[in-house]
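**Q**
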Amino acid sequence: MTYAGDITPQEAWDLLASNPDAVLVDVRTPEEWRYVGVPDTAELGKDPAFIPWVSADGVVNPEFVAQLQQAGVSADDPVLFLCRSGQRSIAAANAATAAGLGPAYNVLQGFEGGIAHDGHRGASGWKATGLAWKQS
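In this text, residue positions in the sequence shown follow numbering that gives the first Met the number 0: the first is 0, and each later residue adds one.
Dropping the structure here:
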């Protein structure tokens, strides 16, 4: 069983805005949240869930599905997964789907996109699209 599909950052924002049950889950690591920034959905009246898919050393979070359920994700709620570049979020969406949660979507290009020709991230993704975000 595979996840429901890929959506752009703007489509993710629009789904979050139009569906009160839709949940954004940022699956990056706490270090990424702290140093790179996080999506800010406060103007939509909801907060993202922050549940790492893997630890900083690459170990898959064994409590991932349980933590999704604790965050209120259910079998009827659209859940949108966001990572750095749109790769870990695919695995997270597949895990949620296998657990009967969702429909689960991968946010394409993630929070800051892949590495561009200049060797830097940030040319695509949530931040580059101009969607709300904040940094601590």
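Note that the Cβ used here is the ideal one computed from N, Cα and C, for glycine as well. This one's a predicted model, so the numbers in the text were calculated from it and none came from an experiment.
Could you pull the start and end residues of the alpha helix (DSSP H) that F63 belongs to?
**A** Per DSSP, F63 belongs to the alpha helix (DSSP H) from 63-69.
**Q** Pair every Cβ in the region 74-93 with every Cβ in the region 23-42, then say whether three or more of these pairs are closer than 8 Å.
**A** Touching, yes, given that three or more Cβ pairs across the two stretches are closer than 8 Å.
**Q** State buried or exposed for I89, treating a residue as buried only when at least 16 other CB atoms are found within 10 Å of its CB.
**A** Burial call: buried.
**Q** Whose CA, out of S84, A16, A95, lies closest to the CA of E42?
**A** Ranking the options by Cα distance to E42, first place goes to A16.
**Q** Alpha carbons only, please: which of I114, L100, F63, A127 is nearest the one belonging to S54?
**A** Comparing Cα positions, the closest option is F63.
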